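The opening position of the sequence shown corresponds to residue 1454 in our numbering, with each subsequent residue numbered one higher.
Just so you know, even glycine gets a beta-carbon here, dropped at the ideal spot from N, CA and C.
Everything numeric in this text was worked out from a predicted model, so none of it was measured.
What follows is a single structure, written as structure tokens, with notes after it.
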Amino acid sequence: MVKAQVQDPYSMGRPVSLAEAAKHTWARVRRSFAPRSPFKIGDAVVGDDPFKGRHEGVVVFLQGTAAGVDTSQGVFFYDHRQLKRLD
């Protein structure tokens, strides 16, 4: 039977140096404190920006604090502070 996924190399016995393990741990700690958007993909939102205007749509892209909102006019990218949930 063919497996669809390959096992992670770390669990396959590949040697990991202490420095590499510390680097991965530090990256995970830093990522947990990074600013994140409170929205999830699929949330219905209203984006209000003085330059792009006001657009209603669905969140289709998230990266850090940026959110891509798919509207009838296309996809607009907003900072999460410019978005509000639809009632």
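Here the alpha carbons of Q1535 and H1508 stand approximately 11 Å from one another.
Residue pairing of T1524 in beta bridges, as defined by DSSP: G1527.
Residue environment analysis places G1527 among the exposed positions, since fewer than 16 neighbouring C-beta atoms fall within 10 angstroms of its C-beta. The way I'd put it, the segment 1514-1521 does touch the segment 1481-1499; three or more beta-carbon pairs between them come closer than 8 Å. Under a 10 Å Cβ-count criterion, G1510 is classified as buried, with 16 or more other Cβ atoms of the shown protein chains found around its own Cβ.
Within 10 angstroms of the beta-carbon of A1474 lie fewer than 16 other beta-carbons, which makes it exposed. Within the same chain, no Cβ atom closer than 7 Å to the Cβ of D1540 is found once the five residues on either side in sequence are excluded. Exposed is the label assigned to V1469, since fewer than 16 other Cβ atoms lie within 10 Å of its Cβ.
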